[in-house]
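Residue numbers (my numbering), protein chains in the order written: chain B, 37 to 560; chain Y, 64 to 196.
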Amino acid sequence: MVPPGKPALRLATAFLTLGVCACIISRGVEVSRLTVSRSDSAAVRSPVKAHLIDGAIVVFPSGVVVAHDQVVGAGRRYTPTLRETTSVRSVSLDSVLGMEAFRTQYNAGRTITYSVAATGVALLGTVAAICAADPKCFGSCPTFYADSAGIPVLEAEGFSYSISPLLEARDVDRLRAQPDPSGILRLQVWNEALETHYINQLELLEATHGADEFVLPDERARPIAVRHLRVPSSVTDRAGRDVRMVVAAAADSAVFVTDSATLARATATDPDDYLDLRFPNPHRGDSIAVVLRMRNSLLNTVLFYDLMLAQPGARSIDWMEHDLQRIGTTLDLGKWYAGYLGLRISLDTEDGWKQVARLSDYGPIAWRDVAAVIPAPAGDSVHLRLEFLADQWRIDRIAIGDAVRRPRTRTVPLGAVTNSEGDAEPRLLSDLRRADDHYVQTTPPQRFTIAFDVGTATTDSARTFFIASQGYYTEWVRGSWMTGMRDASTFKPGNDALNHVLRSWARQKDSLEKSFYRTRIPVR
Amino acid sequence: MARIRLALLWLAVSAAATVACFTGPSVGTFKPATTGHGVQTKLRVGRANVSGELLAIDDSSFVLLGSDGVLIVPFSGVTHASFSGFGSYQGGAPGGETERLQLVSRFPQGISARTMEALLSDSRQTSPRVVRP
Numbered sequence: 037m038v039p040p041g042k043p044a045l046r047l048a049t050a051f052l053t054l055g056v057c058a059c060i061i062s063r064g065v066e067v068s069r070l071t072v073s074r075s076d077s078a079a080v081r082s083p084v085k086a087h088l089i090d091g092a093i094v095v096f097p098s099g100v101v102v103a104h105d106q107v108v109g110a111g112r113r114y115t116p117t118l119r120e121t122t123s124v125r126s127v128s129l130d131s132v133l134g135m136e137a138f139r140t141q142y143n144a145g146r147t148i149t150y151s152v153a154a155t156g157v158a159l160l161g162t163v164a165a166i167c168a169a170d171p172k173c174f175g176s177c178p179t180f181y182a183d184s185a186g187i188p189v190l191e192a193e194g195f196s197y198s199i200s201p202l203l204e205a206r207d208v209d210r211l212r213a214q215p216d217p218s219g220i221l222r223l224q225v226w227n228e229a230l231e232t233h234y235i236n237q238l239e240l241l242e243a244t245h246g247a248d249e250f251v252l253p254d255e256r257a258r259p260i261a262v263r264h265l266r267v268p269s270s271v272t273d274r275a276g277r278d279v280r281m282v283v284a285a286a287a288d289s290a291v292f293v294t295d296s297a298t299l300a301r302a303t304a305t306d307p308d309d310y311l312d313l314r315f316p317n318p319h320r321g322d323s324i325a326v327v328l329r330m331r332n333s334l335l336n337t338v339l340f341y342d343l344m345l346a347q348p349g350a351r352s353i354d355w356m357e358h359d360l361q362r363i364g365t366t367l368d369l370g371k372w373y374a375g376y377l378g379l380r381i382s383l384d385t386e387d388g389w390k391q392v393a394r395l396s397d398y399g400p401i402a403w404r405d406v407a408a409v410i411p412a413p414a415g416d417s418v419h420l421r422l423e424f425l426a427d428q429w430r431i432d433r434i435a436i437g438d439a440v441r442r443p444r445t446r447t448v449p450l451g452a453v454t455n456s457e458g459d460a461e462p463r464l465l466s467d468l469r470r471a472d473d474h475y476v477q478t479t480p481p482q483r484f485t486i487a488f489d490v491g492t493a494t495t496d497s498a499r500t501f502f503i504a505s506q507g508y509y510t511e512w513v514r515g516s517w518m519t520g521m522r523d524a525s526t527f528k529p530g531n532d533a534l535n536h537v538l539r540s541w542a543r544q545k546d547s548l549e550k551s552f553y554r555t556r557i558p559v560r
Numbered sequence: 064m065a066r067i068r069l070a071l072l073w074l075a076v077s078a079a080a081t082v083a084c085f086t087g088p089s090v091g092t093f094k095p096a097t098t099g100h101g102v103q104t105k106l107r108v109g110r111a112n113v114s115g116e117l118l119a120i121d122d123s124s125f126v127l128l129g130s131d132g133v134l135i136v137p138f139s140g141v142t143h144a145s146f147s148g149f150g151s152y153q154g155g156a157p158g159g160e161t162e163r164l165q166l167v168s169r170f171p172q173g174i175s176a177r178t179m180e181a182l183l184s185d186s187r188q189t190s191p192r193v194v195r196p
């Protein structure tokens, strides 16, 4: 497990750097419709504007509490011509046509650009520190599909866990797709969840490598090439099961799933499952790559949907609109998340187990090929432990490779965007080519096609492609989450939350996957 | 040790907060978030510039309140549109941005006949002025 002090120290260092260098933080305002059920109560702490049936406008600069069919707050009522204003303390929901909530949105990409120009890399350190604390967690994301003889094939899911603007992240996913004979590689980008996606940038990475090399992203999303993949000689899980054959081959029907007894026993004080693996030591070079093909279970989704959003009911609007815009809240969440979730790799040493790598979560939809580069141990065998929250992962393959190197990689900019009708979308193309303050916003069931001109390959090398996506998304608060008795407080990371999610997941896991895929929004 | 780290963290956050500066609006300085006004809008129509408060967006045009009264500016004549603190685009209809822009207009739900009457009366107009290239 990652000691919680390390990310905090990194963040402190970054902030200290920030403190001694002036920085420029880029921001803008975002606005969204505010829908509150009559039977529910909600508190929104960002400015709210209510439009009344008679044309009047009421502005609540400090937010509102909606309760008992009343919108309550310190407001100012304007006549339609704005000639007269009066103070108000409340407005009946019956007289409201619609409401909207405003919030400040911080632009990490532009902030970094400004700050580098002004002061060097101060804020980059801040953002990197936040990323190091790894607040990636939860839900769904934009999905990428390639066309295979008219059938869409799922290739990747982008920035799966960037659930607020502060968590905007760049994600790099390995593709199996290859270009057509004219050198054009096309992907479809789908929004198939009840979310709004804010996509900042899409670009392609092309790695050129030897035909006998396998290229995939490492734990920091940088492409690496490895050779001589070898399967483990033994794999045992915490329950003592021999699961070697389950994880020995990729893309077969066998997938590692935590033993039900291990899940049933898991609590916040002892929440983990693990796999103990042994490999013959290749004795080539000073590092080896642990190669995994895996995806998250829906446990993260239960954490996000049930605990963070549904349980607080309408207050989750406030949590997403307000709390997650604050660095403190986000950092707390990130520290808690990094401490328990993700996958940790430890090496058996003379001093006992030593953690040598950590992989963050990648989402529950698409299989992800990923590697962790670790120091090569002495001795005849490599003895590893993969440790993770019980039943948080589905693992298809585990191998190790050697001859680890960085392949030659080039960036291929986005070449064209077409909408679902096949029409060119030059404005989307312009907005998606750069990481700046122009986002493409999608809602379900929107989709579009992106194309990259990668040219034709030379005959003496192989190519592997990666889709790099940057953005974030916001989850829609469902009507069903707003009804009935709910907790009065928004989500608080901690042992109670972890116990709750473990129990809730154990109860639902058998049925949830089926319903999850059923409720994905059809985009065709 | 943990306490020292925590203290260091908060010290650093405080230091950062005192020296960081911002570009772009926040909700506290964005007029549509704090007043009844819509967003201040500048449109390029042919060779002319038209500016005013965004009152509403209907199916085919922007409705502005300019210094000379209520204006209707059809999308077809707009070659560039900018919205103070909220972005800009290169002409025509706002397309996918329509709903977002409506939310920062004075009347996202549209302008009723009665409200239009009041606005025109306030501007001493009998009908809105249509701006074409």
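All residues carry an ideal CB built from backbone N, CA and C; glycine is no exception.
Per-residue contacts from residue i into chain B (C-beta, under 8 Å)
{"i": "residue 93 (chain Y)", "result": "65 and 138"}
{"i": "residue 119 (chain Y)", "result": "Near residue 119 (chain Y) there are no residues of chain B at all, since even the closest Cβ is about 11 Å away, more than 8 Å."}
Beta-carbon gap between residue i and residue j smaller than 8 Å
{"i": "residue 428 (chain B)", "j": "residue 234 (chain B)", "result": "no"}
{"i": "residue 208 (chain B)", "j": "residue 443 (chain B)", "result": "no"}
{"i": "residue 219 (chain B)", "j": "residue 500 (chain B)", "result": "no"}
{"i": "residue 448 (chain B)", "j": "residue 242 (chain B)", "result": "yes"}
{"i": "residue 125 (chain B)", "j": "residue 101 (chain B)", "result": "no"}
{"i": "residue 330 (chain B)", "j": "residue 430 (chain B)", "result": "yes"}
{"i": "residue 83 (chain B)", "j": "residue 99 (chain B)", "result": "yes"}
{"i": "residue 272 (chain B)", "j": "residue 306 (chain B)", "result": "no"}
Per-residue burial, residue i [other beta carbons within 10 Å of its own, 16 or more giving buried]
{"i": "residue 135 (chain B)", "result": "buried"}
{"i": "residue 531 (chain B)", "result": "exposed"}
{"i": "residue 189 (chain Y)", "result": "exposed"}
{"i": "residue 206 (chain B)", "result": "buried"}
{"i": "residue 196 (chain Y)", "result": "exposed"}
{"i": "residue 281 (chain B)", "result": "exposed"}
{"i": "residue 182 (chain Y)", "result": "buried"}
{"i": "residue 434 (chain B)", "result": "buried"}
{"i": "residue 186 (chain B)", "result": "exposed"}
Beta-carbon contacts of residue i that lie in its chain and below 8 Å, excluding the five residues immediately before and after
{"i": "residue 316 (chain B)", "result": "266, 269, 416, 417 and 418"}
{"i": "residue 68 (chain Y)", "result": "Interpretation of residue 68 (chain Y) is limited by its pLDDT of 46, a score under 50 that renders its predicted location unreliable; no figure is taken from the coordinates."}
Rounded C-alpha distance that separates residue i from residue j
{"i": "residue 146 (chain B)", "j": "residue 405 (chain B)", "result": "Confidence at residue 146 (chain B) is low in this model, with a pLDDT of 45, below 50, so its placement is unreliable and the value that follows should be read with caution. Each residue's Cα considered, the two are about 30 Å apart."}
{"i": "residue 540 (chain B)", "j": "residue 338 (chain B)", "result": "8 Å"}
{"i": "residue 120 (chain B)", "j": "residue 152 (chain Y)", "result": "34 Å"}
{"i": "residue 229 (chain B)", "j": "residue 389 (chain B)", "result": "40 Å"}
{"i": "residue 232 (chain B)", "j": "residue 469 (chain B)", "result": "20 Å"}
{"i": "residue 310 (chain B)", "j": "residue 214 (chain B)", "result": "36 Å"}
{"i": "residue 391 (chain B)", "j": "residue 379 (chain B)", "result": "11 Å"}
{"i": "residue 414 (chain B)", "j": "residue 377 (chain B)", "result": "30 Å"}
{"i": "residue 301 (chain B)", "j": "residue 244 (chain B)", "result": "47 Å"}
{"i": "residue 131 (chain Y)", "j": "residue 459 (chain B)", "result": "40 Å"}
{"i": "residue 467 (chain B)", "j": "residue 133 (chain Y)", "result": "33 Å"}
{"i": "residue 503 (chain B)", "j": "residue 184 (chain Y)", "result": "57 Å"}
{"i": "residue 423 (chain B)", "j": "residue 274 (chain B)", "result": "10 Å"}
{"i": "residue 193 (chain Y)", "j": "residue 122 (chain B)", "result": "33 Å"}
{"i": "residue 393 (chain B)", "j": "residue 325 (chain B)", "result": "11 Å"}
{"i": "residue 401 (chain B)", "j": "residue 204 (chain B)", "result": "19 Å"}
{"i": "residue 481 (chain B)", "j": "residue 179 (chain B)", "result": "12 Å"}
Interface residues of chain D facing residue i [CB-CB closer than 9 Å]
{"i": "residue 69 (chain B)", "result": "This model lacks chain D altogether, as its protein chains are B and Y."}
Same chain, Cβ closer than 6 Å to residue i, five either side skipped, listed in chain order
{"i": "residue 548 (chain B)", "result": "334"}
{"i": "residue 106 (chain Y)", "result": "113, 136, 141 and 144"}
{"i": "residue 488 (chain B)", "result": "221, 240, 448 and 451"}
{"i": "residue 94 (chain Y)", "result": "100"}
Interface partners of residue i on chain Y, CB under 8 Å
{"i": "residue 450 (chain B)", "result": "By Cβ distance, chain Y contributes nothing, its closest Cβ being about 18 Å from residue 450 (chain B), past 8 Å."}
{"i": "residue 119 (chain B)", "result": "185"}
{"i": "residue 87 (chain B)", "result": "170, 171 and 172"}
{"i": "residue 324 (chain B)", "result": "Neighbours of residue 324 (chain B) on chain Y: none; closest Cβ ~33 Å, over 8 Å."}
Cross-chain neighbours of residue i in chain Y, by beta carbon under 7 Å
{"i": "residue 114 (chain B)", "result": "99"}
{"i": "residue 134 (chain B)", "result": "171 and 172"}
{"i": "residue 443 (chain B)", "result": "Per Cβ cutoff of 7 Å: no residues; residue 443 (chain B) is ~38 Å from chain Y at best."}
Proximal chain B residues relative to residue i, where beta-carbon distance stays under 7 Å
{"i": "residue 149 (chain Y)", "result": "65"}
{"i": "residue 110 (chain Y)", "result": "Residues of chain B passing the Cβ test: none, with the nearest at roughly 24 Å."}
Proximal chain B residues relative to residue i, where beta-carbon distance stays under 9 Å
{"i": "residue 142 (chain Y)", "result": "By Cβ distance, chain B contributes nothing, its closest Cβ being about 14 Å from residue 142 (chain Y), past 9 Å."}
{"i": "residue 182 (chain Y)", "result": "116 and 117"}
Same chain, Cβ closer than 7 Å to residue i, five either side skipped, listed in chain order
{"i": "residue 188 (chain B)", "result": "181 and 224"}
{"i": "residue 465 (chain B)", "result": "450, 452 and 453"}
{"i": "residue 97 (chain B)", "result": "83"}
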